[in-house]
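In this note's numbering, the protein residues as written are 173 to 339.
Spelled out as structure tokens, the structure:
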């Protein structure tokens, strides 16, 4: 059996030989990645994630209520005829969903109880995925991605959590 050949002009015996081209490309990529991390720190990403997911849920919640928190007939009908969640009466499910979709997004925008709010909305997303619209998994997966980031990393520097000392 013959030993594996080395590329022409390189030696396996000398540690001082210049590194292969992929190492230089990797180093260049690491410099670019470091600059991107500096330009897009966690605080910026968390703020954008909080606003993006809050807008989705808050706007959905507004379609279910009139005035401050009066449930619409359309919302009641949706929960009774289309959503049909197991274990909960439709009227109770509609009230809980509308309240959650209005309260937790406001908390996310403020950055107050960010992890708890994101966890609650993730639970709601899972219920929607499993029981209501299972074919909408790409949308729900993108929501889950934002929510999991907030659960794992928190609301960032520009949040009431930070200023109140809440992790």
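Cβ coordinates follow ideal geometry from the N, Cα and C atoms, glycine included.
Quiz item: Are the beta-carbon atoms belonging to residue 231 and residue 283 less than 9 Å from one another?
Solution: Along the chain shown, one-based indexing puts residue 231 at 59. Along the chain shown, one-based indexing puts residue 283 at 111. No; because the gap between Cβ atoms is not below 9 Å, this pair is not in contact.
Quiz item: Can at least three beta-carbon pairs, one atom from the region 313-322 and one from the region 262-277, be found at a separation below 8 Å?
Solution: No contact exists between the region 313-322 and the region 262-277.
Exercise. Could you check the C-alpha separation between residue 313 and residue 243 for me, to the nearest Å?
Key: For the purposes of this step, residue 313 is identified with residue 141 of the chain shown, where counting begins at 1. For the purposes of this step, residue 243 is identified with residue 71 of the chain shown, where counting begins at 1. Each residue's alpha carbon lies about 28 Å from the other.
Quiz item: Using the beta-carbon count (16 or more within 10 Å), is residue 281 buried or exposed?
Solution: On the chain shown, residue 281 is found 109 positions in, with the first residue counted as 1. In summary, residue 281 is buried, with 16 or more beta-carbon neighbours lying within 10 Å of its beta-carbon over all protein chains present.
Self-check item: Host alpha helix (DSSP H) of residue 330 (start-end)
Solution: Mapped onto the chain shown, residue 330 falls at position 158. Neither: residue 330 is in no alpha helix (DSSP H) and is coded neither H nor E.
Exercise. Enumerate in chain order the residues of its own chain whose CB-to-CB distance from residue 301 is below 8 Å, with the five nearest sequence positions on each side excluded.
Key: For the purposes of this step, residue 301 is taken as residue 129 along the chain shown, with counting starting at 1. Around residue 301: 308, 309 and 312.
Quiz item: Going by beta carbon distance, what residues of the same chain come within less than 8 Å of residue 241, once the five residues before and after it are set aside?
Solution: Position 69 of the chain shown, counting from 1, holds the residue named residue 241. Hits under 8 Å: 270, 271 and 274.
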